[in-house]
Each structure stands twice: as structure tokens, then as C-alpha cells.
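**Student:** In this text, residue positions in the sequence shown follow numbering that gives the first Met the number 0: the first is 0, and each later residue adds one. Ideal Cβ positions, reconstructed from N, Cα and C, are used throughout, including at glycine.
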Amino acid sequence: MHQDRIELDRADLAAVLEAAGIDSRRLRACEPLAEGTFNTAYRLRLAQGPDLVLKVAPGPSSPVMGYERGMMRTEELFYRTAGDRVPVPEVVHSDYGRRVVRGDVLLMTHRPGRSWSAWRDELSPGEHDRLRSELGALVARLHGITGPGFGYPQAGLADRWRTAFLAMVDAVLADARRFDAPLPVPADRIAGAVRRRSDLLDDVRTPVLVHFDLWPGNILLDDTGGGPAVSAIVDGERAFWGDPLAETVSLSLFGDIAEDPAFARGYRAAGGTLDLDDRARGRLALYRCYLYLVMAVEAVPRGTVGPRHEPQARLVRRALLAALDGLG
């Protein structure tokens, strides 16, 4: 499918800076940031002050999933809400009226460091465990933030987690039908399996802020203070108010958080609760179904289909089937 990715020239960048109240003559260099398949992003180097990151949402003709509509607003909400608890970029400016360029824009401070993915081969086992514990403590602090209701902020909130989550699943299944996305089992079977175990969701009474995309690419590490440390959590656009247990699905992508004792130690030491009894395991299976369903469907509008992407698609299909099996 055609992706209407918006590329900005120097005049566009200058206009965004001026709209943010920043003298565009301070712009010294601009570097496109390659990570990410949805927004267009740039690192802006200024003559004075910190570097900035500018994100531009796809144009209006881009095919997007239902939950992706308006999610840049959610990213801004995440940073403004979480900024007192965890290291995140500071929002400098946003524009959702498309007054300067033809896409939503979010301008924020650049955080130091490289993604955990880039560090992976450089970390000793001891450093890895220490960092996972550090991350666990940060996530526990994030989960101390409670909200006014359940669900995606941009989609409207519900009073019950079961109501919100089933609506989230239904929306992705509607996307699967709309994009004719290949699924390992029919969409109706997935919907039925989720609904049969949806009573488990009533165990969740308090909506907390969940990032839901904490794979290594969205965690920055920096070693300017000596050894590597977590310097930022980024890309909060997929955040929702919900069950803190849902966070562990992306934290242990294609794996199991029970096999990450270092994270659990840090999380519990900072006040987080991580009990993996049978009912919690059932909720985990529901959240895995949802995440792998999103990953299976989004490949179509992103254009990441075909022989070159088949290994990843096969991995996602297997993970989705395993999650469905986990529902019994």
C-alpha cells in the first residue's frame, strides 16, 4: 500500500521552528532518523540549546489502523504525564491543525544515548542484568500514574478494562478485514477466544499508564556518566490506560517475563506488583494475542509484506497461535 510519508525540506523545518517560537536561524543541521516505520523523524541540531527531535505523522492519504488515528496526541500526553516519573523527551511544541505542514507534528528535546538494540552486543551479562533491574524500577514508577478511565486516550475511555480491551481487539480485527491481512486463524475465531476469557479482565480495577511498546528499540542507554544507564523511554504513541501486566508483553517480546528475574527484582523493589498466578497468566495470553494481532495486521498498511518479510511474519503468526493456545 502507498505510504504518504511526509518529507520536510529546510524551509519546512524553519517554519516549524518559528511556529514553536525558536529562531530558525539557529538551525545548523538536520539528520533524518531511520528507526520507526510510521512517522517521519528528524534530529535538529541548533546553534544554542539542546538538540531537538521533530516527528511528523503520515499524510491524510496514508492507510492507518484505527487506533493509530490521532496517536501523536497520545505520545504528547505520555511525555507530559510521565515526565515527572521517568526520563522521557520534553515536549517543546505540537501542531495538530496542520497549519505549517500537512501532517501532525511533535517537537521535543533529544535525549542522549543509543537504543538498547544498538548496545546489545556490547553489554556484559552483569551489565545487562543491572540495566534490566534499573528498567524494572522505572516501569514501576511509570505504573504509579493512574488515569481517568481505560483504553486509548485518542479513542475515548471506558469505565471498565474489559469494555476497553474488547473494543481494542474488535478495532484491530476490523482493520484485519479492511486490509485483508493474512491471519493464521479466522478473525471470528480470535474474537471468540478472547471473549471466552474476558472475565479475567475484571480483575483490573485501576487504570495505569502503560507504554505498551517497550521493546529494546524504544529504550535508550547512555554511558556518559560511566557505565551504561537507561537515559530515556521514547515513542510513547501507543500508550493506553490499562492493566500494568500488559506492559510485560512488549518487554518480553516473543518471550516470557517470568524468564527475566532481573527486571522483576527492580520492578518489585520500586513498589510494582508482578504476580503471575493462573488468572494473571490468562490475562497475559490475552495481551499477547492483542499485540501479535496488531503486528500481523500492521504489516499490510506498512507495506512490510512479501518474501523479504516472511521470516518476521512467520514468527508473528506462530506467536499469535501460541497465545491463542494459552487461552485454552
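1) Quick check on the DSSP output: the beta strand (DSSP E) that includes L16 runs from which residue to which?
2) Can you find at least 3 beta carbon pairs, one from the segment 164-174 and one from the segment 53-69, that sit closer than 8 Å?
3) Report the three-state DSSP secondary structure of L51 (helix, strand or coil).
4) Would you call the CB atoms of L219 and G112 closer than 8 Å?
5) State the DSSP-derived secondary structure class of H142, mapped to helix, strand or coil.
6) Going by C-alpha to C-alpha distance, which of L141, L156 and R140 sits closest to P147?
7) Starting from V91 and walking both ways along the beta strand (DSSP E), at which residues does that stretch end?
8) Measure from the alpha carbon of S93 to the alpha carbon of each residue in L53, H127, H109 and D120, then state which is nearest.
9) Just mark E246 as buried or exposed, buried being the case when its beta carbon has 16 or more other beta carbons within 10 Å.
10) Is the separation between the beta-carbon of L199 and that of G281 shorter than 8 Å?
11) Would the beta-carbon of V85 fall within 8 Å of that of R140?
12) Tell me which residues share the same chain as A284 and place their Cβ nearer than 6 Å to its Cβ, disregarding the 5 neighbours each side in the sequence.
13) Report the residue from T73, A295, V248 and A33 whose alpha carbon sits nearest the alpha carbon of Q153.
14) Report yes if the CB atom of I144 is closer than 8 Å to the CB atom of T80, and no otherwise.
15) Between the alpha carbons of L32 and M107, how many angstroms are there, rounded?
16) By Cβ distance below 7 Å, which residues in the same chain neighbour A186 in space, the five residues on each side in sequence not counted?
17) Please state the DSSP three-state secondary structure of D234.
18) What residues match up with C29 in a beta bridge as DSSP calls it?
19) Leaving aside the five residues before and after L354 along the sequence, list all residues of the same chain whose C-beta is less than 8 Å from its C-beta, in chain order.
20) What are the start and end residues of the beta strand (DSSP E) that includes M107?
21) Taking DSSP's pairing of strands, which residues face I218 in a bridge?
22) Name the DSSP beta bridge partners of V343, please?
23) List the residues that DSSP assigns as beta-bridge partners of G112.
24) Locate the alpha helix (DSSP H) running through S60, then write down its first and last residues.
25) Would you call the segment 122-136 in contact with the segment 264-279, where contact means no fewer than 3 C-beta pairs closer than 8 Å?
26) Give a yes or no on contact between the segment 232-243 and the segment 204-211, applying the rule of three or more CB pairs nearer than 8 Å.
27) Sorted by chain position, which residues of the same chain lie with C-beta nearer than 8 Å to P88's C-beta, five sequence neighbours on each side aside?
28) When you compare only the Cα positions, how much space is there between P215 and D201?
29) Start and end of the alpha helix (DSSP H) containing A190?
30) For the alpha helix (DSSP H) holding A279, just list the boundary residues, first then last.
31) For E6, which residues from the same chain have a beta carbon less than 7 Å from its beta carbon, with the 5 sequence-adjacent residues on both sides left out?
32) Would you decide whether V193 is buried or exposed? Buried here means 16 or more other CB atoms lie within 10 Å of its CB.
33) Within the same chain, show all residues whose beta-carbon is closer than 6 Å to that of A385, passing over the 5 residues directly before and after it, in chain order.
34) With DSSP as the reference, label G325 as helix, strand or coil.
35) Looking only at DSSP bridge pairs, what is A157 linked to?
**Tutor:** Looking at the atomic coordinates:
1) In the sequence shown, counting from the first residue as 1, residue 16 sits at position 17. In the DSSP annotation of this structure, L16 is not part of any beta strand (DSSP E); the continuous alpha helix (DSSP H) holding it starts and ends at R9 to A18.
2) Enough Cβ pairs lie closer than 8 Å, so yes.
3) Residue mapping note: residue 51 aligns to position 52 of the sequence shown, counting from 1. Note: L51 maps to strand in three-state DSSP.
4) Residue numbering aside, residue 219 sits at position 220 when the sequence shown is read from its first letter. Residue numbering aside, residue 112 sits at position 113 when the sequence shown is read from its first letter. Yes, Cβ-Cβ distance for L219 and G112 is below 8 Å.
5) Locating residue 142 in the sequence shown gives position 143, where the first residue counts as 1. For H142, the three-state secondary structure derived from DSSP is coil.
6) As a position in the sequence shown, residue 147 is number 148, starting the count at 1. Ranking the options by Cα distance to P147, first place goes to L156.
7) One-based indexing of the sequence shown puts residue 91 at position 92. V91 -> beta strand (DSSP E) spans V90 to D94.
8) Taking the first residue of the sequence shown as position 1, residue 93 is located at position 94. Measuring from the Cα of S93, the nearest candidate turns out to be L53.
9) Working through the sequence shown from its first residue, we reach residue 246 at position 247. Buried.
10) Along the sequence shown, one-based indexing puts residue 199 at 200. Along the sequence shown, one-based indexing puts residue 281 at 282. Closer than 8 Å, so yes.
11) If you number the sequence shown from 1, residue 85 lands on position 86. If you number the sequence shown from 1, residue 140 lands on position 141. The criterion of a C-beta distance shorter than 8 Å is satisfied by V85 and R140.
12) Residue 284 sits at position 285 when you count from the first residue of the sequence shown. Contacts found: A322, G325 and L326.
13) Along the sequence shown, one-based indexing puts residue 153 at 154. With distances taken between Cα atoms, Q153 lies closest to T73.
14) As a position in the sequence shown, residue 144 is number 145, starting the count at 1. As a position in the sequence shown, residue 80 is number 81, starting the count at 1. Less than 8 Å separates the beta-carbon of I144 from that of T80.
15) Translated into the one-based positions of the sequence shown, residue 32 becomes position 33. Translated into the one-based positions of the sequence shown, residue 107 becomes position 108. Roughly 14 Å separates the two Cα atoms.
16) Here residue 186 refers to the residue found at position 187 when the sequence shown is read from its first residue. Excluding residues within five positions, the ones whose Cβ falls inside 7 Å are L172, A175 and R176.
17) Residue mapping note: residue 234 aligns to position 235 of the sequence shown, counting from 1. Looking at D234 - three-state DSSP - the assignment turns out to be coil, as it is neither helix nor strand.
18) Locating residue 29 in the sequence shown gives position 30, counting from the first residue. DSSP lists L43 as partners of C29.
19) For residue 354 there is no data in the structure shown, the boundaries of the chain being 0 and 327.
20) Working through the sequence shown from its first residue, we reach residue 107 at position 108. Note, M107: beta strand (DSSP E), V104 to T108.
21) On the sequence shown, residue 218 is found 219 positions in, with the first residue counted as 1. Its beta-bridge partners are I232.
22) The requested residue 343 does not occur in the structure, where the chain is confined to residues 0 to 327.
23) The sequence position of residue 112 within the sequence shown is 113, counting from 1. Looking at the DSSP output, G112 bridges to nothing.
24) Working through the sequence shown from its first residue, we reach residue 60 at position 61. Careful: S60 lies outside any alpha helix (DSSP H) and carries neither H nor E.
25) A contact exists between the segment 122-136 and the segment 264-279.
26) Segments in contact, yes.
27) Mapped onto the sequence shown, residue 88 falls at position 89. Contacts found: V52, Y78, M107, T108, H109, R110, A231 and V233.
28) To locate residue 215, count along the sequence shown from 1; it is residue 216. To locate residue 201, count along the sequence shown from 1; it is residue 202. Approximately 30 Å between the Cα atoms of the pair.
29) Your numbering for residue 190 matches position 191 in the sequence shown. Counting along the chain, the alpha helix (DSSP H) containing A190 begins and ends at A186 to R195.
30) One-based indexing of the sequence shown puts residue 279 at position 280. Start and end: D277 to R301.
31) Taking the sequence shown and counting its residues from 1, the one referred to as residue 6 is at position 7. Taken in chain order, the residues that qualify are T39.
32) Translated into positions along the sequence shown, residue 193 becomes position 194. Using a 10 angstroms sphere on the CB of V193, the tally of other CB atoms reaches 16 or more, which defines it as buried.
33) Absent from the structure is residue 385, since the part of the chain shown begins at 0 and ends at 327.
34) As a working mapping, residue 325 is identified with position 326 in the sequence shown. Note: G325 maps to helix in three-state DSSP.
35) Position 158 of the sequence shown, counted from the start, is the residue given in the question as residue 157. A157 is bridged to F149.
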